[in-house]
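The opening position of the sequence shown corresponds to residue 5 in this note's numbering, with each subsequent residue numbered one higher. Backbone N, C-alpha and C define an ideal beta-carbon position, used for all residues, glycine too. Bear in mind the structure is a predicted one, so any value in this text is a computation, not a measurement. Input: a single structure, listed below in structure tokens.
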Amino acid sequence: MPSALVTGWVCGVCGAAVDISVPFSWRCPNSTSADRRHALRLQQGAEPLRSSGEANPFLGFRRFLAWDGFAAAVGLSDADRAALVADLDARVAAVQGHGFVTTPFARSDALSDALGFTAEGGVWVKDETHNVGGSHKARHLFTILLHLVTAERAGLAPWSSAAERPALAIASCGNAAIAASTLAAAVGWPIRVFVPKSANLHVTKRLGELGAQVVECPRLVSDPPGDPCVHRFREAVAAGAVPFSVQGPENAWCLDGGRTIGWEMAVQLSGLALDRVFVQVGGGAFAACLADGLAMGGLAMGGLAMGGSLPRLHAVQTVSCAPLDRSWQRAQQFGGATAAAQHWAECMWPWELVGDSAADGILDDETYDWLPVLGAMSRSDGSPVVVAEADVLRANELGCASTGIDASATGTAGLAGLLRLHDAVQPDERVAVVFSGIRR
Ligand SMILES: Cc1ncc(COP(=O)(O)O)c(C=O)c1O
Ligand SMILES: [Zn+2]
Numbered sequence: 005m006p007s008a009l010v011t012g013w014v015c016g017v018c019g020a021a022v023d024i025s026v027p028f029s030w031r032c033p034n035s036t037s038a039d040r041r042h043a044l045r046l047q048q049g050a051e052p053l054r055s056s057g058e059a060n061p062f063l064g065f066r067r068f069l070a071w072d073g074f075a076a077a078v079g080l081s082d083a084d085r086a087a088l089v090a091d092l093d094a095r096v097a098a099v100q101g102h103g104f105v106t107t108p109f110a111r112s113d114a115l116s117d118a119l120g121f122t123a124e125g126g127v128w129v130k131d132e133t134h135n136v137g138g139s140h141k142a143r144h145l146f147t148i149l150l151h152l153v154t155a156e157r158a159g160l161a162p163w164s165s166a167a168e169r170p171a172l173a174i175a176s177c178g179n180a181a182i183a184a185s186t187l188a189a190a191v192g193w194p195i196r197v198f199v200p201k202s203a204n205l206h207v208t209k210r211l212g213e214l215g216a217q218v219v220e221c222p223r224l225v226s227d228p229p230g231d232p233c234v235h236r237f238r239e240a241v242a243a244g245a246v247p248f249s250v251q252g253p254e255n256a257w258c259l260d261g262g263r264t265i266g267w268e269m270a271v272q273l274s275g276l277a278l279d280r281v282f283v284q285v286g287g288g289a290f291a292a293c294l295a296d297g298l299a300m301g302g303l304a305m306g307g308l309a310m311g312g313s314l315p316r317l318h319a320v321q322t323v324s325c326a327p328l329d330r331s332w333q334r335a336q337q338f339g340g341a342t343a344a345a346q347h348w349a350e351c352m353w354p355w356e357l358v359g360d361s362a363a364d365g366i367l368d369d370e371t372y373d374w375l376p377v378l379g380a381m382s383r384s385d386g387s388p389v390v391v392a393e394a395d396v397l398r399a400n401e402l403g404c405a406s407t408g409i410d411a412s413a414t415g416t417a418g419l420a421g422l423l424r425l426h427d428a429v430q431p432d433e434r435v436a437v438v439f440s441g442i443r444r
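Here is the structure:
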């Protein structure tokens, strides 16, 4: 069956269109090294979401992936596409011990009771701690990897042998770096990971074991404002490295596979409607994909127009760094989320004084994928929530103790948003959170 579900990308800022068949379409054609304020989003037909039933979401939901549309457009048969996913997954399993599987998602009775929900309402927890790389991050990166390998096999890559492959590059010292290095190791692709001087030694040790080249990035006197790891990452990309990034403006293909989490949740709910979802936000790709995936699932459940069936989305950040909340407030002055794309510089800029938090994975000074998150909050009648450090700590303690899941404070930060908004949530509401990463 030809896969014409996804036809391509359109930039939400400048309107540029990119056909799905274009290889290496990482960024908007008008995005430059001086101005990354572009946001490609997928153009997708409104076909009801269905899973084939396969446990690996990249197989179960394959025909809804933009990657599947790309691979079909460049000549891979349906059987070849399925075989490629299975082949890469087997390689991941050889490194990780297991490949991609549908992760658990269920009502936590203990957590629901502790928070005073009735039997009708409650808190549903999606557990990503045993996913590939110990977090949801590999979902984003797997579609970039699939794209690369597909382009290579279809003869579209400018390099002629595996030995000439350009290195992958990522700026991260946490879950994204581990996920990226795990996938790179699976296919033997060289990878450079740009980390700050303060990087967690357990993480850098693991990256080394996975064969990644770890590059420490002290701030240089010549550096412009912003994260020096991102500067070094962009220099590497400008010099030919592949942006193996979980930030949409650096590589939009991360926004494809990230949706599998929302698709899984939609199917696992089997018709049960959620009222709210609280999602921890750093760079924003996670929340953007979760919302997008759930909205597509809502269609399958006979929901309203695209996005209309989305539960109220609450993007959660800490007081130490809340640029998304600031952008939400600023966007109101320009007529709200829909108008915000034309006012990027006035709504979103790096948080000046990033403080500390136990939820250190969401301290990105900029919410790179802010536009889709703002749009989803607005369409769903949601809102951003800024939590205190005490909420972050209590959420982690309560969340882990009541579910038995060993998640990090970043991973349970969405629950901190529910604690903060607790008095505004009715006891019979159904609320979802994602415990997105394991404690290290
Ligand atoms: C466990 C975990 N959850 C959530 C996030 C936030 O994802 P995003 O940066 O896409 O907003 C991160 C990011 O590092 C993370 O490590
Ligand atoms: Zn653009």
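If you check the beta carbons only, do Ala110 and Ser406 fall under 7 Å apart?
Within the sequence shown, the letter at position 106 stands for residue 110. Within the sequence shown, the letter at position 402 stands for residue 406. It is not a contact, given that the beta carbons lie outside the stated cut-off.
According to the Cβ coordinates, are Gly301 and Ala270 closer than 7 Å?
One-based indexing of the sequence shown puts residue 301 at position 297. One-based indexing of the sequence shown puts residue 270 at position 266. Going by C-beta atoms, Gly301 is nearer than 7 Å to Ala270.
Would you check whether ligand 1 has a heavy atom nearer than 6 Å to the C-beta of Gly441?
For the purposes of this step, residue 441 is identified with residue 437 of the sequence shown, where counting begins at 1. Checking the Cβ of Gly441 against ligand 1 gives yes.
Asn204 beta carbon near ligand 2 (any heavy atom closer than 6 Å):
Reading the sequence shown from its first residue, position 200 is the one you call residue 204. No, the beta carbon of Asn204 sits no closer than 6 Å to any heavy atom of ligand 2.
Confirm, please, whether the CB-CB distance from Ser25 to Ala77 is below 7 Å.
In the sequence shown, the residue the question calls residue 77 occupies position 73. In the sequence shown, the residue the question calls residue 25 occupies position 21. Going by C-beta atoms, Ala77 is nearer than 7 Å to Ser25.
In three-state DSSP terms, what is Ser331?
Mapped onto the sequence shown, residue 331 falls at position 327. The answer is helix: DSSP assigns Ser331 an H, G or I state.
Those residues, in chain order, that have a beta-carbon closer than 5 Å to some heavy atom of ligand 2
Cys15, Val17, Cys18, Ala20, Cys32, Asn34, His42
What runs of the beta strand (DSSP E), each 3 residues or longer, lie entirely inside the segment 81 to 153?
109 to 111, 126 to 131
From the DSSP output, in three-state form, read off Trp374 for me.
Here residue 374 refers to the residue found at position 370 of the sequence shown. Helix.
Output needed for Asp131: all residues of its chain with C-beta closer than 7 Å, excluding positions within five of it in sequence on either side, in chain order.
Position 127 of the sequence shown holds residue 131. Excluding residues within five positions, the ones whose Cβ falls inside 7 Å are Thr107, Pro108, Ile409, Phe439.
Would you list the one or two residues that DSSP bridges to Trp13?
Residue 13 sits at position 9 when you count from the first residue of the sequence shown. DSSP output for Trp13 lists Val22, Leu46 as bridge partner(s).
With which residues is Ala175 paired in a DSSP beta bridge?
Numbered from its first residue, the sequence shown carries residue 175 at position 171. Answer is Phe198, bridged to Ala175.
The segment 55 to 71 contacting the segment 257 to 269, beta-carbon criterion three pairs below 8 Å:
yes
Is Gly288 close to ligand 1? I mean its beta-carbon at under 6 Å from any heavy atom of the ligand.
By one-based count along the sequence shown, residue 288 stands at place 284. Yes; taking the cut-off as 6 Å, the Cβ of Gly288 has a heavy atom of ligand 1 nearer than that.
When DSSP labels each residue in this structure, what does Pro61 get in the three-state scheme?
Within the sequence shown, numbered from 1, the residue matching residue 61 stands at position 57. Three-state DSSP puts Pro61 in a helix.
Presumed contact (8 Å Cβ cut-off) between Leu419 and Gly403, rounded CB distance:
Here residue 419 refers to the residue found at position 415 of the sequence shown. Here residue 403 refers to the residue found at position 399 of the sequence shown. At roughly 5 Å, the Cβ-Cβ gap stays under 8 Å, so Leu419 and Gly403 are in contact.
For Gln337, the three-state DSSP class (helix, strand or coil):
Within the sequence shown, the letter at position 333 stands for residue 337. Of the three classes helix, strand and coil, the one that applies to Gln337 here is helix, per DSSP.
Please return the same chain residues whose Cβ sits closer than 6 Å to the Cβ of Thr122, not counting the five positions on each side in sequence.
Your numbering for residue 122 matches position 118 in the sequence shown. So the qualifying residues of the chain are Pro431, Asp432.
Give the range of the beta strand (DSSP E) segment to which Phe237 is assigned.
Numbered from its first residue, the sequence shown carries residue 237 at position 233. Premise fails: Phe237 lies in the alpha helix (DSSP H), 232 to 242, not in any beta strand (DSSP E).
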